[in-house]
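Taken in sequence, the protein lines are chains A and B. Taking this note's numbering, the leading residue of the first sequence gets 264, the next gets one more, and so forth. Taking this note's numbering, the leading residue of the second sequence gets 54, the next gets one more, and so forth.
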Amino acid sequence: SQKIEQNSEALNIQEGKTATLTCNYTNYSPAYLQWYRQDPGRGPVFLLLIRENEKEKRKERLKVTFDTTLKQSLFHITASQPADSATYLCALASISSGSARQLTFGSGTQLTVLP
Amino acid sequence: NAGVMQNPRHLVRRRGQEARLRCSPMKGHSHVYWYRQLPEEGLKFMVYLQKENIIDESGMPKERFSAEFPKEGPSILRIQQVVRGDSAAYFCASSSGGLSYEQYFGPGTRLTVT
């Protein structure tokens, strides 16, 4: 069956360090992968999208890698700040879902950046 | 630029009543998606609509749930005869379509069934 797993439910790091979050998937042929941020009581906020033929994408302090051989995406936040504390969600859309717009979300990793 | 708008933000219904959740997509967006987030669970896709068309409803429960996105006005997610298990946060997202796949989410409607 299809599965998306995000590493450890919670991750604590010290301010200024790089946070690395992992998203692994099985039994998918993803067309693209997205990362979102969700704060308590709010809707997810789009961060980055990476397509199956892209290896890496960057946006300011954020970097995403996508390895379709390993079936894994890594999400990095460099020079982390307490304001980066949130739950980060990985989401996949696959060709097999028909419209290729149906997103399947991982359960999220709760990141806490300690001052 | 207004983002995705959802109302109401909080909705309380008694078992057996109907719940209507509204979503106005971002300006210029013609694709709407509904997701449900149950307590302590992840976001689950429900339905994908374009104006006047349901494109993908593979995540919708077979009974009691329906969605529409009329030519004019917001998208509506309707839940008939609500049960306690329907209590959840319902999120709407929109996208512009074409080669743009990123989805922009609204603040959600928190439905509580008593």
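Glycine residues also receive a C-beta, built at the ideal position from the N, C-alpha and C atoms. All values reported here derive from a predicted model rather than from experimental measurement.
- Query: Do you know whose CA, among B:153, B:64 and B:114, lies nearest residue 88 of chain B's CA?
  - Reply: Locating residue 88 of chain B in the second sequence gives position 35, counting from the first residue. Nearest of B:153, B:64 and B:114 to residue 88 of chain B, Cα basis: B:114.
- Message: Determine, for residue 271 of chain A, whether the minimum Cβ-Cβ distance to residues of chain B falls below 8 Å.
- Response: Along the first sequence, one-based indexing puts residue 271 of chain A at 8. By this cut-off, residue 271 of chain A is not an interface position.
- Message: As an exercise, report each continuous alpha helix (DSSP H) stretch of at least 4 residues that is fully enclosed by the stretch 306-370 of chain A, in chain order.
- Response: none
- Message: Which same chain residues end up closer than 7 Å to residue 154 of chain B when comparing Cβ atoms and leaving out the 5 residues on each side of it in sequence?
- Response: Residue 154 of chain B sits at position 101 when you count from the first residue of the second sequence. So the list reads 148, once near-sequence residues are dropped.
- Message: Strictly below 8 Å CB to CB, what residues from chain B border residue 367 of chain A?
- Response: Position 104 of the first sequence, counted from the start, is the residue given in the question as residue 367 of chain A. Going along chain B in sequence order, the residues near residue 367 of chain A (Cβ under 8 Å) are 98.
- Which residues DSSP lists as bridging residue 277 of chain A, in chain order: What you label residue 277 of chain A is simply residue 14 of the first sequence in a count that begins at 1. According to DSSP, residue 277 of chain A bridges with A:377.
- Query: Do you know how far the Cα of residue 372 of chain A is from the Cα of residue 274 of chain A?
  - Reply: As a first step, residue 274 of chain A must be located in the first sequence, where it is residue number 11. As a first step, residue 372 of chain A must be located in the first sequence, where it is residue number 109. Answer to the nearest angstrom: the Cα atoms are 7 Å apart.
- So residue 118 of chain B is in the beta strand (DSSP E); what residue range does that whole segment cover? Taking the first residue of the second sequence as 1, we reach residue 118 of chain B at position 65. Counting along the chain, the beta strand (DSSP E) containing residue 118 of chain B begins and ends at 118-121.
- chain A contacts made by the stretch 67-86 of chain B, where a contact means CB separation under 8 Å: For the stretch 67-86 of chain B, residues whose beta-carbon sits nearer than 8 Å to a beta-carbon of chain A comprise 84 and 86.
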